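Since the structure comes first, as structure tokens, the remarks are kept for the end.
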Amino acid sequence: MRVSLATSVLAVSAAAPASAFAVDYLSFEQAAKLMFPDAETFEVHDVALSAVQLQQLDAQGIKARSAHWSVRTAKRGASTLGFVVFDEVIGKVELISYAVGIGLDGNVRQIEILAYRESHGFEVRLPAWRRQFVGKGAGAAIKVGEDIANISGATLSCTHVTDGVRRIVAVIAAARRGGALA
Amino acid sequence: MNTQSRGGFARRARPLLGTIVDIGVRAGSANATPIDAAFAEIDALQRCLSRFDPASDIARFNALPAGASLAPGTATLEVLRAAQTLSVATASLFDISCGTGPDGWACRDGRLHKLHARTRLDLGGIGKGYAVDRAVQRMIDHGATAGWVNAGGDLRVFGDIELPVSVRDESNGGARPFADLTDGAFATSHHGGAHVSVAAPLCLWADALTKVVALSGDASHPLLARHGALAWLH
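Shown next, in the form of structure tokens:
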């Protein structure tokens, strides 16, 4: 084991400026292929949930957040292999993009984090800070600034992602019941 | 020699262990298999160790009546033995029962015994570190020459790379550069406005010893030297 402390730690660590932290892991397309390696195509379906469907989700304790969802259907020939949905959640100081793969049995097949961004709490809630990352998913490089720094801390939680995955599973189930997805 | 400290790594992340687990492997040294194997290992360990999974050894123990026992998996036993050692060495300062009765459980003859009905176990202070160590071993088994596993701040790096580690500012967000780490583990806890960071050869000890240092307030606690660890209060 070898540890070299940063100079700012040896001085006054509290005075060192806290900087933003960001990692890109996968593009949405890369994640979809990882989840369904046998798929030949991914068809885009725009799902619009009806007011009745939204009420039914609400009764299950699921806030659908939006009536409109973009779902990729993994296809091999004419057969459907499953579904992939892109989503983003915002925590206290973090913005997390992720993709969920759902099998034909309606169960989660895989979850991949696509990007993780963290900054000062107030910035994450500013639309301008979030806008700079819009559209970064498609074909984005795996790393930001070739920086492989790792972050260590106590409160990083995936509660928002877990809630988001539950919401997506329910939305896909509702859309399939309603005949919106083959 | 510090090679490839930037760039040249395949990197993925998944939500596991109640946090986001970030895994990197030197590209070219192997394909994606080490990363998949590491995620599979962590997923399997979570099923044994998480109190939130009703089928886990820990959740089944928590549901036992006093006087009953169960046979946990080898991974659970290994973590429990380490926890028991720490509990004894710190006069129950390190307590996986979280105040519900450090003397309410015991490992004997490969079985986990429940001695008090009210005792509930939670491996949150040690399980992540253990899972990181096991995941690193799986990556090495699958041919990875260098990389890391970071379970929400409990991290370990292996191979001839120097990994920049930043510590998250728990009050205001953002991250501060803290250290460069080679062939070792690092963990940070946040207690009462202060950060406690520990570096150790194994992540199990880095993870668990942050709690010992935080609770004792002693950054030169004798247990650190016993596990080859260094600690910082900052």
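Chains as they are written, first to last, in the numbering used here: chain V, 266 to 447; chain Y, 6 to 239. Note that CB positions come from ideal geometry on N, CA and C, so glycine has one too. This one's a predicted model, so the numbers in the text were calculated from it and none came from an experiment.
| Check | Outcome |
| --- | --- |
| Hey, A211 of chain Y and A192 of chain Y: beta-carbon distance below 8 Å or not? | yes |
| Less than 8 Å between C-beta atoms, sequence neighbours within five positions excluded: which residues of the same chain meet that for S176 of chain Y? | G198 |
| Shortest alpha-carbon distance to R374 of chain V belongs to which of V:K328, V:S335, V:G342, V:A297? | V:A297 |
| Against chain V, with Cβ distances strictly below 8 Å, would A18 of chain Y count as a contact? | yes |
| Answer with buried or exposed for L238 of chain Y, where buried requires no fewer than 16 other C-beta atoms within 10 angstroms of its C-beta. | exposed |
| Quick one: does R56 of chain Y have its CB under 8 Å from some CB of chain V? | no |
| Applying the criterion that 16 or more other CB atoms from any shown protein chain within 10 Å of the CB defines a buried residue, is R16 of chain Y buried or exposed? | buried |
| How far does the alpha helix (DSSP H) with P39 of chain Y in it reach, from first residue to last? | 38-54 |
| Between which two residues does the alpha helix (DSSP H) holding C208 of chain Y run? | 208-221 |
| Does any CB atom of chain Y fall closer than 8 Å to the CB of R441 of chain V? | no |
| Strictly below 7 Å CB to CB, what residues from chain V border W153 of chain Y? | N415 |
| Is it buried or exposed, T24 of chain Y, if we count other Cβ atoms within 10 angstroms and call 16 or more buried? | buried |
| Taking Y363 of chain V and V288 of chain V to be in contact with their CB atoms under 8 Å, please state how far apart those CB atoms are, rounded to whole angstroms. | Their Cβ separation, rounded to whole angstroms, is 13 Å, which puts Y363 of chain V and V288 of chain V out of contact at 8 Å. |
| Would the beta-carbon of I433 of chain V be found less than 7 Å away from any heavy atom of the ligand ADP? | This structure lacks the ligand ADP; in fact it carries no ligand of any kind. |
| Residues of chain V with a CB under 8 Å from the CB of T79 of chain Y: which are they? | Under the 8 Å cutoff, chain V gives no residues; its nearest Cβ is about 26 Å from T79 of chain Y. |
| Given a cut-off of 8 Å on the beta-carbon distance, is the pair L75 of chain Y and F66 of chain Y in contact? | yes |
| Where L128 of chain Y and R56 of chain Y are concerned, what is the direct C-alpha to C-alpha distance, given to the nearest angstrom? | 8 Å |
| Across the stretch 87-100 of chain Y and the stretch 216-235 of chain Y, are there enough close Cβ pairs to call them in contact, namely three or more that are closer than 8 Å? | yes |
| Sort Y:A205, Y:H196, Y:C208 by Cα distance to S221 of chain Y and report the nearest one. | Y:H196 |
| Determine the extent of the beta strand (DSSP E) in which G368 of chain V is found, giving its start and end residues. | 359-368 |
| Which same chain residues, not among the five before or five after G356 of chain V, have their C-beta less than 6 Å away from its C-beta? | H425 |
| At what residues does the beta strand (DSSP E) containing Q375 of chain V begin and finish? | 373-383 |
| Determine whether the Cβ of P59 of chain Y lies closer than 8 Å to any Cβ atom of chain V. | no |
| Let's see if you can read the secondary structure: which residues bound the beta strand (DSSP E) around D174 of chain Y? | Careful: D174 of chain Y lies outside any beta strand (DSSP E) and carries neither H nor E. |
| Assign V309 of chain V to one of two classes, buried (16 or more other C-beta atoms within 10 Å of its C-beta) or exposed (fewer than that). | exposed |
| Once you ignore the five residues that flank V183 of chain Y on each side, which residues in its own chain have a CB closer than 7 Å to its CB? | Looking at the sequence shown, residue 183 of chain Y is not Val but Phe. So the list reads V170, S171, V172, S202, once near-sequence residues are dropped. |
| What's the gap between the Cα of G410 of chain V and the Cα of L228 of chain Y? | Low confidence applies to G410 of chain V: its pLDDT is 32, below 50, so where it sits in the model is not reliable enough to give any reading. |
| Which first and last residues belong to the beta strand (DSSP E) in which A1 of chain Y is found? | In the structure displayed, chain Y extends from 6 to 239; residue 1 of chain Y sits before or after that span and is not available. |
| Quick one: is D146 of chain Y buried, meaning 16 or more other Cβ sit within 10 Å of its Cβ, or exposed? | exposed |
| Looking at the secondary structure, which residues open and close the alpha helix (DSSP H) in which G157 of chain Y lies? | Segment: none, G157 of chain Y is in no alpha helix (DSSP H) and carries neither H nor E. |
| Mind listing the chain Y neighbours of F293 of chain V? Cutoff is C-beta to C-beta under 8 Å, in chain order. | Here the premise fails: no neighbours, minimum Cβ distance about 14 Å. |
| Under 7 Å between beta-carbons, which chain Y residues line up against S422 of chain V? List them in chain order, please. | G23, T24 |
| At least one CB of chain Y closer than 8 Å to the CB of S384 of chain V: is that the case? | yes |
| Excluding the 5 residues preceding and the 5 following I28 of chain Y in the sequence, name in chain order all residues of the same chain whose CB lies nearer than 6 Å to its CB. | R17, I40, A43, V154 |
| Starting from H425 of chain V, follow the alpha helix (DSSP H) in both directions and report where the run begins and ends. | 424-442 |
| In chain V, which residues lie less than 8 Å from V137 of chain Y when you measure between Cβ atoms? | Correct list: empty, because the minimum Cβ distance to chain V is about 12 Å. |
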